[in-house]
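Since the structure comes first, as structure tokens, the remarks are kept for the end.
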């Protein structure tokens with residue numbers, strides 16, 4: 011009997027040891043399961059960072075003085091498919107959400123998929139979409155490229171599905187650093203983003219029923235109602251959580267403000283100028299006040315860079331306001347906010363898509379933009395009061411009541427989208443410029459702004475047949491160039 015008991019004990023201990031060894035053999039850096047809330051925090055943090063200075067060079071806000079910046083001179087070539095790395099994390103979050111049956115995370119997964127695919131398709135045109143991200147599940151390593159029309163259709167469908175999922179799930183979304191878990195505010199953000207996608211397709215109504223879809227969302231779905239609903243990333247003064255441009259060395263001695271951007275703010279007596287720009291060295295030495303518009307000047311974006319360098323050396327060119335690199339919490343980065351939504355609605359009204367007042371939406375956008383900077387730039391708050399906003403709205407170049415034609419109204423709307431896009435919203439203003447032609451950019455002769463980026467070299471190396479087919483179907487054989495027109499602009 012003792013022999014059998016001893017054998018049983020040995021067997022149990024052996025099995026236990028095997029179990030322990032199995033646990034020890036799990037790679038802690040490749041855990042097969044996790045709660046989606048842990049993935050969500052990381053996804054939000056990576057998605058909504060400030061996109062840096064490249065869009066500001068292209069959108070005529072800053073200039074370089076120690077060389078020819080490719081974005082400033084419109085000479086860029088290849089883009090990156092780096093967003094697919096983030097999309098893989100989103101796929102994992104959705105898989106984990108399905109595993110533990112938490113539909114809110116699936117909904118946010120659909121939003122983030124739409125967010126990244128929206129950026130990717132505007133950057134390139136046709137992209138891998140329906141076949142993308144299936145390497146682990148279906149061993150699809152060379153995905154086909156979906157047409158841009160189909161990608162936009164999928165984006166709009168996923169956003170609609172995200173809103174529907176959240177409409178029946180009022181649970182708090184743990185791990186959410188944007189809305190602190192508020193399902194209601196995420197629905198407002200998602201539906202507002204749907205309107206943004208639709209206005210981007212303003213020339214594609216016949217293909218995607220843009221007008222009727224826009225009107226239905228506006229009339230029947232929750233959307234942002236104030237700055238309190240802004241989709242934004244807040245920063246805190248802790249290692250790894252500070253403002254994206256804090257202590258950035260890229261704002262060195264060779265980076266200055268664009269003269270065309272500064273002049274637009276000067277012509278409109280726009281006090282947001284003081285928030286964005288530093289005074290010239292000569293203005294500082296002369297003791298000019300912060301709110302003296304003549305204390306600011308920029309460099310010509312199409313002039314030879316050394317010409318601007320000489321002007322800067324003479325102390326006659328402004329730099330980016332130091333608040334962006336010396337304040338660790340500077341301001342939230344708004345990926346989609348109430349002011350932008352109001353301007354989207356103003357444009358929709360001017361186009362006859364909705365019946366509300368374009369003037370009201372336009373003025374709401376200006377007031378809420380002033381409010382944002384009043385709340386987030388204490389040193390300049392006295393220049394950005396509610397009273398200052400009302401005075402600004404009466405400026406000749408700002409007053410909406412003075413615009414009569416469609417183009418005049420559209421130009422005013424796009425200018426108020428453009429001005430507060432300084433270190434906000436990445437490439438959104440450049441794409442709006444491509445779509446509308448406003449605001450007008452200073453261009454050197456025939457060197458027109460590119461319409462897209464060339465596909466990454468990696469696609470030619472690892473997915474050659476599919477990228478070649480996509481290029482041929484869109485632009486003609488071998489015509490992967492920056493100034494060929496993608497579907498959304500045709």
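In this note's numbering, the protein residues as written are 11 to 500.
The beta carbon of each residue, even a glycine, is placed where N, CA and C say it ideally should be.
Opening and closing residue of the beta strand (DSSP E) in which residue i lies
i, result
"residue 334", "Where residue 334 is concerned, there is no enclosing beta strand (DSSP E), although the alpha helix (DSSP H) it sits in stretches over 333-336."
"residue 242", "241-243"
Assigned secondary structure, residue i (DSSP; H/G/I helix, E/B strand, else coil)
i, result
"residue 346", "strand"
"residue 88", "strand"
"residue 155", "strand"
"residue 372", "helix"
"residue 70", "coil"
"residue 266", "strand"
"residue 477", "helix"
"residue 62", "coil"
"residue 362", "coil"
"residue 488", "coil"
"residue 464", "strand"
"residue 453", "coil"
"residue 309", "strand"
"residue 138", "strand"
"residue 220", "helix"
"residue 33", "In this prediction, residue 33 scores a pLDDT of 43, lower than 50, which makes its location untrustworthy; the coordinate-derived value is nonetheless stated afterwards. In the structure shown, residue 33 sits in a helix (DSSP, three-state: H, G or I)."
"residue 188", "coil"
"residue 285", "helix"
"residue 327", "coil"
"residue 79", "coil"
"residue 413", "coil"
CA-to-CA distance, residue j to residue i, given in whole angstroms
i, j, result
"residue 426", "residue 299", "25 angstroms"
"residue 413", "residue 404", "12 angstroms"
"residue 183", "residue 328", "44 angstroms"
"residue 46", "residue 52", "10 angstroms"
"residue 455", "residue 490", "23 angstroms"
"residue 70", "residue 297", "28 angstroms"
"residue 174", "residue 223", "15 angstroms"
"residue 31", "residue 109", "Confidence is the limiting factor: at residue 31 the pLDDT is only 38, short of 50, which leaves the residue's position unreliable, though a coordinate-based value still follows. Their Cα atoms are separated by approximately 26 angstroms."
"residue 442", "residue 196", "24 angstroms"
"residue 500", "residue 217", "12 angstroms"
"residue 35", "residue 102", "Note that residue 35 scores a pLDDT of 47, beneath 50, so its modelled location is shaky; the value from the coordinates is reported in the next line. Their Cα atoms are separated by approximately 22 angstroms."
"residue 436", "residue 180", "31 angstroms"
"residue 362", "residue 356", "10 angstroms"
"residue 232", "residue 48", "27 angstroms"
"residue 114", "residue 193", "8 angstroms"
"residue 432", "residue 424", "14 angstroms"
For residue i, the nearest candidate out of the options (CA to CA)
i, options, result
"residue 220", "480, 113, 88 and 358", "358"
"residue 378", "339, 367 and 395", "395"
"residue 151", "485, 498 and 468", "468"
"residue 275", "146, 156, 198 and 303", "303"
"residue 155", "141, 145, 167 and 146", "141"
"residue 207", "166, 226, 239 and 457", "166"
"residue 66", "79, 55, 54 and 408", "79"
"residue 54", "72, 251, 88 and 215", "251"
"residue 322", "430, 63 and 307", "307"
"residue 290", "463, 253 and 332", "332"
"residue 268", "125, 311 and 146", "311"
"residue 230", "431, 201, 213 and 409", "201"
"residue 122", "421, 199 and 330", "199"
"residue 61", "106, 342 and 248", "342"
Local Cβ density within 10 Å of residue i, reported as buried at 16 or more and exposed below that
i, result
"residue 259", "exposed"
"residue 11", "Reliability fails at residue 11, whose pLDDT of 38 lies under 50, so the model's placement of it is uncertain and the value that follows must be treated cautiously. The residue is exposed, with fewer than 16 neighbouring Cβ atoms inside 10 Å."
"residue 351", "buried"
"residue 246", "exposed"
"residue 364", "buried"
"residue 119", "buried"
"residue 337", "buried"
"residue 85", "exposed"
"residue 314", "exposed"
"residue 295", "exposed"
"residue 82", "buried"
"residue 493", "exposed"
"residue 495", "exposed"
"residue 210", "buried"
Limits of the unbroken alpha helix (DSSP H) element including residue i
i, result
"residue 274", "269-277"
"residue 292", "291-295"
"residue 234", "First-last for residue 234: undefined, no H or E at that position."
"residue 495", "No alpha helix (DSSP H) holds residue 495; DSSP gives it neither H nor E."
"residue 256", "Taken as a continuous stretch (DSSP letters only), residue 256 belongs to no alpha helix (DSSP H), as it is neither H nor E."
"residue 421", "416-428"
"residue 204", "193-210"
"residue 441", "438-446"
"residue 106", "93-110"
"residue 405", "Careful: residue 405 lies outside any alpha helix (DSSP H) and carries neither H nor E."
Chain B within 8 angstroms of residue i, Cβ atoms only
i, result
"residue 316", "This model lacks chain B altogether, as it is built from one protein chain only."
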